[in-house]
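Student: So the sequence lines, in the order shown, correspond to chains R and E. By numbering that gives the first Met the number 0, the letter at position 246 of the first sequence is numbered 245, and the numbering carries on one by one without gaps. By numbering that gives the first Met the number 0, the letter at position 27 of the second sequence is numbered 26, and the numbering carries on one by one without gaps. For every residue, glycine included, the Cβ atom is placed at its ideal position computed from N, Cα and C.
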Amino acid sequence: MVAPLKVLSNRSDRLTSGHRACPGCGFPIVLKMVLLATEDPVVVANATGCAEVCTSIFPYTAWDVPWIHSAFENAGATIAGVEAAYQSLKRQGKIDPDRTIRFVAFGGDGGTYDIGLQALSGAMERGHNILYVCYDNGAYMNTGIQRSSATPPGAHTTTSPVGKQSTGKREKRKDLTAIMAAHDIPYVAQASIHNHRDLMRKAEKGLHVDGPAFLNVLSPCPLGWGTNTAMGVEYSRLAVETCFWPLFEVENGEWKLSYKPRKKLPVTEFLKDQVRFRHLFRDESLIEEIQADVDRRWQQLLERCGESAE
Amino acid sequence: MAVQRRSPAESVAMTGNEAVADAMRQINPDVVAAYPITPATEIVQIFSAYAADGRVDTEMVLAESEHSAMSATIGASAAGARAMTATSSQGLLLMHEMLYVASGARQPIVMPVVNRAVSAPLNIHCDHSDTMGSRDAGWIQIYSENAQEAYDNLIQAIRIAEHPNVQLPCMVMMDGFIISHGMENLFTLPDETVKEFIGERKPLYPLLDVDNPVTFGPVDFTDFYFEHKRQQFEAMLEAKKAILEVAAEFEKISGHRYGLFETYQLDDAEMAIVVMSSAAGTSRYVIDRLRRQGLKVGMLKPRVFRPFPAEELAEALKDIPVVAVMDRSDSFSGQGGPLFAEIRAALYEYDKRPIMVNYIYGLGGRDVRVESIESVYRDLDIIRRTGVVGPRVRHLDVRE
Chain R
0 MVAPLKVLSN RSDRLTSGHR ACPGCGFPIV LKMVLLATED PVVVANATGC
50 AEVCTSIFPY TAWDVPWIHS AFENAGATIA GVEAAYQSLK RQGKIDPDRT
100 IRFVAFGGDG GTYDIGLQAL SGAMERGHNI LYVCYDNGAY MNTGIQRSSA
150 TPPGAHTTTS PVGKQSTGKR EKRKDLTAIM AAHDIPYVAQ ASIHNHRDLM
200 RKAEKGLHVD GPAFLNVLSP CPLGWGTNTA MGVEYSRLAV ETCFWPLFEV
250 ENGEWKLSYK PRKKLPVTEF LKDQVRFRHL FRDESLIEEI QADVDRRWQQ
300 LLERCGESAE
Chain E
0 MAVQRRSPAE SVAMTGNEAV ADAMRQINPD VVAAYPITPA TEIVQIFSAY
50 AADGRVDTEM VLAESEHSAM SATIGASAAG ARAMTATSSQ GLLLMHEMLY
100 VASGARQPIV MPVVNRAVSA PLNIHCDHSD TMGSRDAGWI QIYSENAQEA
150 YDNLIQAIRI AEHPNVQLPC MVMMDGFIIS HGMENLFTLP DETVKEFIGE
200 RKPLYPLLDV DNPVTFGPVD FTDFYFEHKR QQFEAMLEAK KAILEVAAEF
250 EKISGHRYGL FETYQLDDAE MAIVVMSSAA GTSRYVIDRL RRQGLKVGML
300 KPRVFRPFPA EELAEALKDI PVVAVMDRSD SFSGQGGPLF AEIRAALYEY
350 DKRPIMVNYI YGLGGRDVRV ESIESVYRDL DIIRRTGVVG PRVRHLDVRE
């Protein structure tokens, strides 16, 4: 059970203030909430990316827990090595065998969906006792908004720019959460920062489950999305209410919907006022295509979760 | 390596891979993370059986690639474990990015590498292109002539890498198939002796010390990055001292004497070759034969390539009239192999220095025969007598 807010507010932040994330950035919220979900000691590995560069500029650090960054594509393998060391040293009695340590890796969508997929898949398959958290902001934001396999169709990025013959990214999003579920690991979930209780409940489960867990969290990026810095949480809510980013979990192979909007909002509610989608509103058929894609995926998810359509 | 005579009855027959796996069993690392690759596969295969039988305390991470194997090794080492892996050729190349992270993060990881050619074209046999390609990655590099040396070097490497003044990763090489799969008699040490010699690892800032959190691998910009690289330079200089220090201690427990390099019949030599690894054995045989014919020939066999013992090598070679440096890899600079370039540079400071030529040899496992080495000495003899150098960079036993 997630501790009540009153209790949570008294826990000290493991990612402290003073980091250099942009105003309105989503990842600090993701990182803080996930790490607040346990009182056990944690060791964190971070893939190269915004979260890594903004929190660890030598000689400063925003981390109040042991933390390691080694490269872009290997957060899964790095945390696996740390966890293996823990298992070994604990078994040999070289460290306190009664002290449970949790292991968390953070990566953006580039470091997780794309370049880090293999290392992540390997770590999940090998069954390490780790939680991997992807903060998905839908592009390579750290290098300046390049498209990734998590970039939504139609989005303008600097490598899928809108042009005379282009309407932004042509391809669909990779469904990474489903790919992780296909690893048949104990726990996989998708969450959003606007629903902190749901996010923290999932983080708590992922941290305490015996074996590997994966959590995918939508992370608003005002810079890359072209959105008001004050509206990140609201955009997260709209992503869920439009079923662009459904909340669900897969526990030991069982799919479960975490939240079903009373009235599913049209995807335009999420797309509107985001500069990356602005051009879509000039052509209705593009919006229709995106809506059809969201609908199809939502339907598929409902079926997987044994839910009836609305 | 100079050896005190021990009774052959004490020796055991092992392949290079078996000897290295046995050394790893005695080292008993906390974590081994690895991925199969010919001809190094056997090392971890044999070691996995030790783990499966509970003969070691090691946590095995059977990674999905060498990149992840090295990443996990780095993670484990940063966590405070004694962590090892083993690889070869393409596997080492796939690790390349992480080699720099291991050394930059000052993790004393020890890795046996079985030298093999690199693609393309695909070739599984011996040359040194793989490890020569990572010569500037900040790792200590120790080359072994035979299985005995591979075994001895691996045990010493733990002490060298973890030396308080060093804290750098170390790779220990042996020649693919020629040594890795060749059976030879060697002397191993008792388990307890090895355990005592290497001791426990004392990690400086382990991640698992959760009460004293550290940030590993931060962003390090214009204000401090350079200082950290300067420290790495210093650590490499310290490594040279540590290698000799550890060798002296190792001699006490093994009777095997090691230095930065080994010489054979070099003192009065008029012609010498510089050659690493297994080809040194063939060279020794050729030297004995030519010496009987009255030719003053000798050899220098580098053991440590990183740190590069420039002064020591130059001192040993400066008075020899003609020297051939043998490179089992090409840098494709058009100016010869890496060993040649560095030894030549080392002699630059000396007014008196040898005439030097370079032989690229044995690429892709091309056999190095007695006749091959003999032909090099014959070439050197012509240069010595005529003073005519001819081509500076030559290719041994290749169809032109």
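So that I know if they touch, is there some Cβ in chain E lying closer than 8 Å to that of Val274 (chain R)?
Tutor: For this step, residue 274 (chain R) is matched to residue 275 along the first sequence. No - not a single Cβ of chain E is within 8 Å of the one on Val274 (chain R).
Student: Let me know if Val387 (chain E) comes out buried or exposed under the rule of 16 or more other beta-carbons within 10 Å of its beta-carbon.
Tutor: For the purposes of this step, residue 387 (chain E) is identified with residue 388 of the second sequence, where counting begins at 1. Val387 (chain E) comes out exposed.
Student: Could you check which residue in E:Thr262, E:Glu269 and E:Val274 has the C-alpha nearest to that of Ala315 (chain E)?
Tutor: Mapped onto the second sequence, residue 315 (chain E) falls at position 316. The shortest C-alpha separation from Ala315 (chain E) is found at E:Thr262.
Student: I'd like to know whether the C-beta atoms of Gly121 (chain R) and Ala62 (chain E) end up nearer to each other than 8 Å.
Tutor: Position 122 of the first sequence, counted from the start, is the residue given in the question as residue 121 (chain R). Position 63 of the second sequence, counted from the start, is the residue given in the question as residue 62 (chain E). Yes, the pair counts as a contact, with Cβ atoms nearer than the cut-off.
Student: Distance cutoff 8 Å, beta carbons only. Does Val274 (chain E) sit that close to anything in chain R?
Tutor: In the second sequence, residue 274 (chain E) corresponds to position 275, counting from 1. No, no contact with chain R.
Student: Can you have a look at Lys168 (chain R) and say buried or exposed, based on whether 16 or more other CB atoms are within 10 angstroms of its CB?
Tutor: Stepping through the first sequence from its first residue, residue 168 (chain R) is reached at position 169. Buried.
Student: Am I right that Pro301 (chain E) and Met325 (chain E) are in contact with their C-beta atoms under 8 Å? What's the rounded C-beta distance?
Tutor: Working through the second sequence from its first residue, we reach residue 301 (chain E) at position 302. Working through the second sequence from its first residue, we reach residue 325 (chain E) at position 326. That belief does not hold up - the Cβ atoms of Pro301 (chain E) and Met325 (chain E) are roughly 10 Å apart, past 8 Å.
Student: Check Ala136 (chain E) in the structure and name its three-state DSSP category.
Tutor: For this step, residue 136 (chain E) is matched to residue 137 along the second sequence. If DSSP states are grouped into helix, strand and coil, Ala136 (chain E) belongs with coil.
Student: For Glu233 (chain E), which residues in the same chain have their Cβ closer than 8 Å to its Cβ, ignoring the five residues on either side in sequence?
Tutor: Working through the second sequence from its first residue, we reach residue 233 (chain E) at position 234. Within the same chain, Glu233 (chain E) has no close Cβ partners at all.
Student: Quick one: residues in its chain with C-beta nearer than 6 Å to the C-beta of Ile372 (chain E), no 5 flanking neighbours on either side, listed in chain order?
Tutor: Position 373 of the second sequence, counted from the start, is the residue given in the question as residue 372 (chain E). Hits under 6 Å: Thr281, Ser282 and Val285.
Student: When you compare only the Cα positions, how much space is there between Thr86 (chain E) and Arg303 (chain R)?
Tutor: Counting from one through the second sequence, the residue named residue 86 (chain E) turns up at place 87. Counting from one through the first sequence, the residue named residue 303 (chain R) turns up at place 304. So the alpha carbons of these two residues sit roughly 43 Å apart.
Student: Nearest to Ala82 (chain E) by CA position, among E:Leu243, E:Gly90, E:Tyr142 and E:Ile73, is which residue?
Tutor: As a position in the second sequence, residue 82 (chain E) is number 83, starting the count at 1. It is E:Ile73 whose Cα lies nearest to the Cα of Ala82 (chain E).
Student: Beta strand (DSSP E) containing Trp66 (chain R): first to last residue?
Tutor: Within the first sequence, numbered from 1, the residue matching residue 66 (chain R) stands at position 67. Element bounds for Trp66 (chain R): Trp66 to His68.
Student: Between which two residues does the beta strand (DSSP E) harbouring Leu379 (chain E) extend?
Tutor: Locating residue 379 (chain E) in the second sequence gives position 380, where the first residue counts as 1. Segment Val369 to Thr385 is the alpha helix (DSSP H) holding Leu379 (chain E); no beta strand (DSSP E) there.
Student: Any idea what DSSP makes of Leu264 (chain R), helix, strand or coil?
Tutor: Translated into the one-based positions of the first sequence, residue 264 (chain R) becomes position 265. Coil, per DSSP.
Student: Below 8 Å between beta carbons: does that hold for Ala308 (chain R) and Gln298 (chain R)?
Tutor: Counted from its first residue, the first sequence places residue 308 (chain R) at position 309. Counted from its first residue, the first sequence places residue 298 (chain R) at position 299. Their beta carbons are under 8 Å apart, which means Ala308 (chain R) touches Gln298 (chain R) by this criterion.
Student: Roughly how many angstroms separate the alpha carbons of Leu98 (chain E) and Glu250 (chain E), rounded to a whole number?
Tutor: The sequence position of residue 98 (chain E) within the second sequence is 99, counting from 1. The sequence position of residue 250 (chain E) within the second sequence is 251, counting from 1. Whole-angstrom Cα-Cα distance: 30 Å.
Student: Which of the three DSSP states, helix, strand or coil, is assigned to Thr156 (chain R)?
Tutor: By 1-based counting over the first sequence, the position of residue 156 (chain R) is 157. In this structure, Thr156 (chain R) counts as coil in the three-state DSSP scheme.
Student: Looking at C-beta atoms only, is the number of pairs between the region 97-112 of chain E and the region 101-109 of chain R that lie closer than 8 Å three or more?
Tutor: No, because fewer than three Cβ pairs between the region 97-112 of chain E and the region 101-109 of chain R fall closer than 8 Å, the two stretches do not touch.
Student: List the residues of chain R whose Cβ lies closer than 8 Å to the Cβ of Gly216 (chain E), in chain order.
Tutor: The residue labelled residue 216 (chain E) in the question sits at position 217 within the second sequence. Ordered by position in chain R, the residues that pass the 8 Å Cβ test against Gly216 (chain E) are Ser55, Ile67, His68 and Ser69.
Student: Can you pull out the residues from the region 106-137 of chain R whose beta carbon lies closer than 9 Å to at least one beta carbon of chain E?
Tutor: Residues Gln117, Ala118, Ser120, Gly121, Ala122, Glu124, Arg125 and His127.
Student: If you measure from the beta carbon of Met83 (chain E) to each beta carbon in chain R, is any gap under 8 Å?
Tutor: Here residue 83 (chain E) corresponds to residue number 84 of the second sequence, with the count starting at 1. No, its Cβ sits nowhere closer than 8 Å to a Cβ of chain R.
Student: Just how far apart, CA to CA, sit Arg398 (chain E) and Arg172 (chain R)?
Tutor: Here residue 398 (chain E) corresponds to residue number 399 of the second sequence, with the count starting at 1. Here residue 172 (chain R) corresponds to residue number 173 of the first sequence, with the count starting at 1. Taking the straight line joining both Cα atoms gives about 54 Å.
Student: Do Ala313 (chain E) and Tyr358 (chain E) count as a contact pair if the criterion is CB distance below 8 Å?
Tutor: For the purposes of this step, residue 358 (chain E) is taken as residue 359 along the second sequence, with counting starting at 1. For the purposes of this step, residue 313 (chain E) is taken as residue 314 along the second sequence, with counting starting at 1. Cβ atoms of Tyr358 (chain E) and Ala313 (chain E): not closer than 8 Å.
Student: For Pro28 (chain E), which residues from the same chain have a beta carbon less than 7 Å from its beta carbon, with the 5 sequence-adjacent residues on both sides left out?
Tutor: The sequence position of residue 28 (chain E) within the second sequence is 29, counting from 1. Taken in chain order, the residues that qualify are Thr57, Arg81, Ala82 and Met83.
Student: Taking CB distances under 8 Å as the criterion, tell me whether Ser16 (chain R) reaches chain E.
Tutor: For the purposes of this step, residue 16 (chain R) is taken as the residue at position 17 of the first sequence. Chain E contact via Cβ: absent.
Student: Quick check on Asp209 (chain R) - is its C-beta less than 8 Å from some C-beta in chain E?
Tutor: Translated into the one-based positions of the first sequence, residue 209 (chain R) becomes position 210. No - not a single Cβ of chain E is within 8 Å of the one on Asp209 (chain R).
Student: Can you tell me the Cα-Cα spacing of Gln89 (chain E) and Leu362 (chain E), whole angstroms?
Tutor: Translated into positions along the second sequence, residue 89 (chain E) becomes position 90. Translated into positions along the second sequence, residue 362 (chain E) becomes position 363. Taking the straight line joining both Cα atoms gives about 15 Å.
Student: Less than 8 Å separating the beta-carbons of Ala101 (chain E) and Met69 (chain E)?
Tutor: The residue labelled residue 101 (chain E) in the question sits at position 102 within the second sequence. The residue labelled residue 69 (chain E) in the question sits at position 70 within the second sequence. Yes. Within cutoff.
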